[in-house]
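To convert a position in the sequence shown, counted from 1, into my numbering, add 47.
C-beta: ideal position from N, C-alpha, C; glycine also.
Quick caveat: nothing in here was measured; it's all calculated off a predicted structure.
Each remark here refers to the structure printed beneath this line.
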Amino acid sequence: MKPEKNKYIGCMLGSAIGDALGKQNEGVNREVILKRGYIKDYGRAPKGSPGEALREGQYTDDTEQMLVLAQSLIACNDFDTYDFANRIAKWGLDIRNDTARSRLLGPSSSWAIEKLNSGISWKESGSDVPSCGSAMRVAPIGLFFNDIHEVEKKAVLSSIPTHKSKSAVAGAVAVAVAIRCALLGYDRFEIIRRTCESASNHEIDIAKKIESSYELRNEVPDMVLPQLGTSFYVYDTVPCAFYFFSRYFKEPQRAIIEAVNAGGDADSIGCITGALCGALYGIEYFPKKWIDGLEKRQLIENISIMIYEKSDHDFL
Ligand SMILES: [Mg+2]
């Protein structure tokens, strides 16, 4: 049976909500967050952080790249690496000319985008730095393709133009496969099992760390976060998101609040956690103020509905 439309909308809006909330804590230490108190609603990012010029409720590059990927899927009715690489390259040029957004691009993506724009093929343009850029944007792949092996294959291709290291690829596979499993309503153990199985086809260490993040689910964040780390490396962000998702599996709002207050790469941790929770529960589980206050909420909703409709053919 095809998963409900509200889960597609929940996944993409959840991703953007986690990103827009988390940007306020990007690069902030956990100790500072604990002293100042948790962020539970939209606000501005601190001075000095990449998103400092963004408005309340405005998301960062994580969601922007996710939307580029979703639009490529819609236009091609499939994942076409050449089309996606062209779109990412063009997006990179657009944000470079926009003062509020120009600092959002991480070093791996900017390096790869420069190569793509200089005419280098997507097969060669990707960075070898194991950062989380391809994992944070991959959710639409998990929404679009019904078959888990297809999800895995397309997630790999979606990573390569900007992030071609084995670990970045494995991180993207993990998130995409988990999104598909969450959409199908699998329980937490089964989601993690299938996620790790697929990720381990590309790199075993990230699969092991996701597995341990699940095993740590009964421990409090302040015990777990120093072990997992919260940096922009895919080894940290992806297992961290799986920890919050597993720990607060029945409390999606709480999962997102805890994730965006992890500090470090809080926007990406929040973005991945939000996508997972939204795919599992659907949009109605998120507070109205988070939905209404989100930048371009209607656009994201429309794109997720198009993805839902396009993914239909698998079920006919
Ligand atoms: Mg970001």
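The DSSP assignment places no complete beta strand (DSSP E) segment of no fewer than 3 residues inside the region 135-206.
The residues Ser-155, in chain order, have a CB closer than 6 Å to that of Val-176 in the same chain once the five nearest residues on each side in sequence are set aside. Every alpha helix (DSSP H) stretch that sits fully inside the region 223-292 and reaches 4 residues is listed by chain position as 235-246, 251-262, 268-275. About 16 Å separates the beta carbon of Glu-250 from that of Ser-205, a gap too long to meet the 8 Å contact definition. Taking a C-beta distance under 7 Å as the contact criterion, Asp-88 and Ser-315 do not qualify as a contact pair. Leu-60 and Asp-339 have their C-alpha atoms spaced approximately 11 Å apart. Set against 6 Å, the gap from the CB of Thr-107 to the closest heavy atom of ligand 1 is smaller.
The criterion of a C-beta distance shorter than 7 Å is satisfied by Asn-72 and Ile-80.
Straight across, the Cα-Cα distance linking Thr-284 with Ala-221 is about 12 Å. Rounded to the nearest whole angstrom, the C-alpha separation of Leu-152 and Arg-83 is 27 Å. For Ser-293, the closest C-alpha among the options Pro-187, Phe-126, Met-353, Ile-319 is that of Ile-319.
CA-CA distance, Asp-312 to Gly-321, rounds to 14 Å.
Your pair Thr-209 and Gly-166 does not check out as a contact, with CB atoms roughly 16 Å apart and the cut at 8 Å. Per the C-alpha coordinates, the member of Tyr-106, Glu-305, Lys-70, Asp-145 positioned closest to Lys-94 is Lys-70.
For Asp-141, the shortest separation between its Cβ and any heavy atom of ligand 1 does not lie below 6 Å. Taking C-alpha positions only, Asp-141 is separated from Ile-135 by approximately 10 Å. Minimum Cα-Cα distance from Ile-257 among the listed residues Met-270, Asp-269, Ile-238 corresponds to Ile-238.
For Asp-283, the CB stays at least 6 Å from every heavy atom of ligand 1. Not one heavy atom of ligand 1 lies closer than 6 Å to the C-beta of Asp-269.
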